[in-house]
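>
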Amino acid sequence: MMDRNDLLGAARATFLAQFDHAIQTLLPHTEANLLKKAEFARSMRESSVQLEARAALQRRLPTLRQELVAHMEQLLDRSFQTAYSNYRPSFSGAMATGELSLVSLSSFEDELRIDSVTKYLRDEVEEQLRDLNIRVALLFGEENVKERENPFRPYLLSRCISNTVDEFVESREQAAVLVEELCEGLAGHAYTLYEAMNTLLAKHGIAAQLQMRPRSLGGGARAVGGQIPADHGAAGAAATAPTGDDGWSPGMIPAGLPGMDGAGGMGGFASGPIAAPEDRLLQLVTGAGLAGDGALPGMAMPGAAFGGGVAAGVPFGPGGTAAGWQAPHAAPKASWLGGAERAGSVLRKLFSGILPGGADQGAAAAENLVLGLAVARLQVEHAGDEPGELRDGHLRNVILEHREELASQTRDSREQMTIDIVAMLFEFILRDTDVPAEVRAQLGRLQFMVLKLALADPTLLASRNHPVRMLVNRIGSISVGLKQVDPTGERTAVEISRIVEELLGSEAGSVEVFPRMLDQLDAFIAAELRAGQEQVEPALEAVDRAENRTLRFARIVAMTGAALGDIKLDDYLNTFLRHDWPRVIEHAARHDPDRALRYWRTMPDLVWSVAPKLTEADRLQLRQLLPGLVGNLRAGLVERGREGEARELLSWLLDAHKFALRSIDLPHTVPSLAYFRDRFEQFLDLEALQAVAPHQPAPQQLDSQLLEEAIRELETRLELVDRLIGDPPPEQSPSPVSVDEEAAILAKLQRGVGIEIDLGGKMTRAVLSWPDLSRGRVVLNLGEDRPQSVLGVGLFMRLRDSGRARFLEEIPLFDRAVEYLLDTADRLDGVA
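In structure tokens:
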């Protein structure tokens with residue numbers, strides 16, 4: 000078997016060679032993909048960013064491959080130094096010495112981006128990565144498998160790309176596009192890379208299987224917590240170890256590895272128990288965060304006394320502990336994240352309705368009276384707290400403050416899990432700056448009430464339609480949306496405070512009170528929007544009329560076009576018959592379908608009347624026809640207020656008839672009056688002259704003249720949003736959302752919901768004051784002194800797909816907290 004130092008060197012060389020090979024293929028593909036995405040971008044801005052990112056890539060192509068490989072070599076060197084070692088480079092150290100660190104000094108947003116693409120890469124190589132983690136642990140003589148100790152982990156791939164791109168792309172937006180595109184392309188090569196690594200190690204007898212054996216802390220074993228016994232390693236030999244051609248030497252390997260030489264150990268660290276997974280998750284949620292490549296601030300600190308894996312009394316995050324919470328000195332009775340399953344998987348099972356361990360949420364356990372009384376007592380104790388009271392700069396999370404006390408009353412891991420999860424969800428809710436602080440303070444008063452209900456009814460955490468979640472979500476959405484009609488938010492805050500007081504004052508304190516409060520909140524929203532409500536009904540009636548008339552007009556125009564077919568007419572008469580006279584017929588059909596029919600039958604007479612009259616019989620028939628023909632034409636146009644057009648038509652008709660009567664022999668036969676009448680009767684659809692049936696689909700676009708008529712008739716003020724948006728997205732463009740997603744979007748169209756929409760090139764905020772989903776439209780309040788604005792739901796969906804409209808709150812408040820918690824659990828899994 001190859002010496003372990005040599006095997007690690009060979010693994011490093013294989014990793015670099017595979018990475019280099021992937022980069023050669025990746026770069027030209029990335030350039031082509033950016034161009035393709037720019038062509039199909041949803042907006043001009045998105046297309047511009049992608050094209051600029053492509054241009055930056057093209058300028059750097061000659062040297063980019065070498066730069067990426069060089070960065071990877073540096074990252075591997077540092078990663079080998081820290082693998083299974085107590086030493087972790089810090090921000091301050093890296094900044095003071097100028098040394099390369101796995102921790103980038105970029106912004107927090109960049110770190111989140113790297114976390115996201117790292118997770119994507121990890122998912123692509125999940126099985127191969129798991130095997131490699133085990134093999135690396137065996138190489139380092141460890142039984143505790145940790146991905147963050149693997150010097151070849153996916154984090155290096157995403158960090159290498161991010162560091163390299165940041166050196167030549169100044170725009171953060173372009174850099175984000177380029178990093179994501181490169182990592183997405185690299186994901187297609189990652190499996191091959193890790194497969195090659197596993198093949199190499201397997202070839203030299205390193206199996207992807209740990210051998211479980213007892214070990215002691217003395218003699219030749221390594222202490223728990225990472226302390227390396229002094230009798231292991233050969234520091235002196237490492238100091239003079241030769242360096243390979245690629246700059247790597249065995250001296251980069253930490254000391255203390257069984258059977259391996261390496262650099263001197265990092266002694267002087269106090270050993271202690273590793274924090275329970277739920278405690279580490281709580282640290283991330285409450286502000287500890289991840290320092291770079293997975294180190295948890297406040298953990299494994301030199302010289303600190305540990306309790307539960309957290310430095311007792313030592314702040315572990317920016318600004319101190321969250322709401323006064325510190326890790327308990329004794330671990331909870333039952334660890335609900337102590338198994339082999341990842342935290343993200345456990346939480347997803349919970350929120351999807353399946354408790355960890357396969358228990359059905361519908362089977363409620365017997366009530367824990369002791370825990371219930373403890374929660375009720377704490378609720379009474381904190382009832383007099385001042386809303387909005389801060390601790391360490393944040394709204395108080397009183398569940399976390401009493402976590403240890405509550406944990407002592409739990410009977411099983413499910414109860415402990417419920418306490419922790421409700422506490423973490425409220426931590427996100429209390430820190431969600433999209434919601435006004437005064438509203439968050441009021442929601443914070445419900446912490447123990449929500450905890451009590453969640454302990455009794457696990458579906459609160461699993462069902463989006465649970466009354467508690469629906470009320471919290473509704474409060475969050477209107478606190479943002481009603482700013483359009485309540486800019487100060489004072490009235491909204493007072494109403495929310497009243498609802499919270501009534502919830503806390505309810506004797507039963509059961510879930511049944513929440514739907515009633517939700518109804519009262521909806522009534523308040525309706526009252527807030529009632530200022531313009533007297534205009535809503537007339538506005539909607541105007542749209543109704545315009546829709547019905549537009550549909551009727553469109554059908555009459557279609558019938559007229561079919562009846563005229565290829566008959567050659569004077570341009571003036573052709574325009575009049577195809578566009579102007581159908582409006583007369585539609586106008587008459589609103590109240591008198593018989594008169595509309597008479598006007599329809601005027602058209603074949605008019606067409607025949609201007610045709611050449613070659614016989615005396617035709618001339619006689621024209622003289623008999625003219626009085627009725629002229630009377631109908633004049634009456635129809637006058638009814639629509641078109642007296643000027645009537646005079647113009649009759650003047651033109653007089654000249655046309657004179658010409659027809661003076662016609663001489665023609666080489667072809669002129670059809671008779673009966674022919675034209677029969678032709679028009681063939682295309683007559685009597686239903687088109689009746690009232691439009693209620694089930695008829697709304698027209699894609701209202702006729703502007705008909706809409707203006709309806710608005711004048713009802714003496715209302717109305718604005719159609721489609722007139723203000725310029726060039727709307729095409730109807731035929733495929734929607735990227737599924738049927739379920741579309742249903743979810745429609746469900747969000749409720750009173751008081753805030754949206755932002757592109758009106759004439761400017762994003763304008765509006766609040767939805769009246770959803771009329773049965774007829775496919777909503778009424779918007781655009782604020783100021785603007786009239787009611789009507790927006791078609793179909794148009795809103797297309798604008799949203801194209802990035803020209805959005806909800807001010809895309810994800811409801813409670814659901815947002817769930818998403819944040821799941822993301823945080825995924826981050827924990829990435830460093831576990």
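Residue numbers (numbering that gives the first Met the number 0): 0 to 831.
Every residue gets a Cβ at the ideal spot worked out from N, C-alpha and C, and that includes glycine.
Just so we're clear, the structure is a prediction, and the values are computed from it rather than from any experiment.
According to DSSP, which residues form a beta bridge with Asp757?
Met762, per the DSSP bridge assignment.
> For Ser509, is the classification buried or exposed, using 16 other Cβ atoms within 10 angstroms of its Cβ as the cut-off for buried?
Per the 10 Å Cβ criterion, exposed.
> Could you tell me whether any Cβ in chain D is nearer than 7 Å to the Cβ of Lys35?
Chain labels in this structure do not include chain D; a single protein chain is all it has.
> Grouping DSSP H, G and I as helix and E and B as strand, with all else coil, what is Gly791?
In the structure shown, Gly791 sits in a strand (DSSP, three-state: E or B).
> Taking just the CA atoms, how far does Phe682 sit from Thr559?
Approximately 8 Å between the Cα atoms of the pair.
> May I ask which residues mark the beginning and end of the alpha helix (DSSP H) holding Phe139?
It is not in any alpha helix (DSSP H) - Phe139 carries neither H nor E in the DSSP assignment.
> Within a Cβ cutoff of 6 Å, which residues of the same chain sit near Gly178, ignoring the five residues on either side of it in sequence?
The residue you asked about is not Gly; residue 178 is Val in the sequence shown. These residues qualify, in order along the chain: Ile160, Ser161, Val164.
> Taking just the CA atoms, how far does Pro276 sit from Leu56?
Answer to the nearest angstrom: the Cα atoms are 41 Å apart.
> Which term fits Ser170, buried or exposed, when burial requires 16 or more other beta carbons within 10 angstroms of its beta carbon?
It is exposed - the Cβ of Ser170 has fewer than 16 other Cβ atoms within 10 Å.
> Between which two residues does the alpha helix (DSSP H) carrying Ala492 extend?
Looking at the DSSP string, the run of the alpha helix (DSSP H) that includes Ala492 is 489-504.
> For Val606, I'd like the list of residues in its chain whose CB is within less than 6 Å of its CB, leaving aside the five on either flank, ordered along the chain.
The residues are Phe675.
> When you compare each of Trp651, Arg678, Val556, Val471 to Asp518 by their alpha carbons, which one comes out closest?
Looking at the Cα atoms, Val471 is the closest of the given residues.
> Are Val284 and Thr823 closer than 7 Å when you measure CB to CB?
A contact, by the Cβ cut-off of 7 Å.
> Which residues does DSSP list as the beta-bridge partners of Phe806?
Ile754, per the DSSP bridge assignment.
> Going by DSSP, what residue range makes up the alpha helix (DSSP H) through Gly643?
That run of the alpha helix (DSSP H) goes 642-660.
> For the alpha helix (DSSP H) containing His70, list its first residue and its last residue.
Where His70 is concerned, the enclosing alpha helix (DSSP H) stretches over 43-81.
> Specify, as a first and last residue, the run of the alpha helix (DSSP H) that Leu636 falls within.
Looking at the DSSP string, the run of the alpha helix (DSSP H) that includes Leu636 is 615-638.
> Entirely within the segment 145-197 and at least 3 residues each: give me those beta strand (DSSP E) ranges in chain order.
As far as the segment 145-197 is concerned, it has no whole beta strand (DSSP E) run of at least 3 residues.
> What first and last residue would you give for the alpha helix (DSSP H) that runs through Asn4?
Looking at the DSSP string, the run of the alpha helix (DSSP H) that includes Asn4 is 3-38.
> Output needed for Glu644: all residues of its chain with C-beta closer than 6 Å, excluding positions within five of it in sequence on either side, in chain order.
Result list for Glu644: Leu636, in chain order.
> With a Cβ-Cβ cutoff of 7 Å, do Leu459 and Leu452 count as a contact?
Yes, they are a contact pair.
> So, for Asp814: in the same chain, excluding its five sequence neighbours on each side, which residues have a beta-carbon less than 8 Å away from its beta-carbon?
These residues qualify, in order along the chain: Arg463, Arg468, Asn472.
> Looking at C-alpha atoms only, which residue of Ile498, Asp419, Gln620 is the closest neighbour of Arg515?
The residue with the shortest Cα to Cα distance from Arg515 is Ile498.
> State the Cα-Cα distance for the pair Arg544 and Glu123, rounded to the nearest angstrom.
So the alpha carbons of these two residues sit roughly 56 Å apart.
> Looking at Glu494: is its Cβ nearer than 7 Å to the Cβ of Phe513?
No, Cβ-Cβ distance for Glu494 and Phe513 is not below 7 Å.
> Where does His578 land, buried or exposed, given buried means 16+ other C-beta within 10 angstroms?
Exposed is the call here.
> In the DSSP assignment, find the unbroken alpha helix (DSSP H) run with Asn464 in it and report its ends.
It is not in any alpha helix (DSSP H) - Asn464 carries neither H nor E in the DSSP assignment.
> Judging by CA-CA distance, which residue of Glu72, Leu660, Leu424, Leu625 is the nearest neighbour of Val817?
With distances taken between Cα atoms, Val817 lies closest to Leu424.
> Does the distance from the CB of Tyr193 to the CB of Leu131 come in under 7 Å?
For Tyr193 and Leu131, yes; Cβs fall inside 7 Å.
> What residues in its chain sit with their C-beta under 6 Å from that of Leu200, if we drop five residues either side in the sequence?
Only Arg134 meet the Cβ criterion.
> Given 8 Å as the limit, is there contact between the segment 174-190 and the segment 51-71, that is, 3 or more CB pairs closer than that?
They touch, by the three-pair rule.
> One question on the structure: do Ala557 and Val609 come within less than 7 Å of each other, judged by their Cβ atoms?
Contact: no.
> Span of the alpha helix (DSSP H) holding Lys451?
Note, Lys451: alpha helix (DSSP H), 446-455.
> By how many angstroms is the C-alpha of Ile754 removed from the C-alpha of Tyr598?
The alpha-carbon atoms of Tyr598 and Ile754 are separated by roughly 46 Å.
> Tell me whether Glu141 is buried or exposed, calling it buried when 16 or more other Cβ atoms sit within 10 Å of its Cβ.
Buried, since its Cβ has 16 or more Cβ neighbours within 10 Å.
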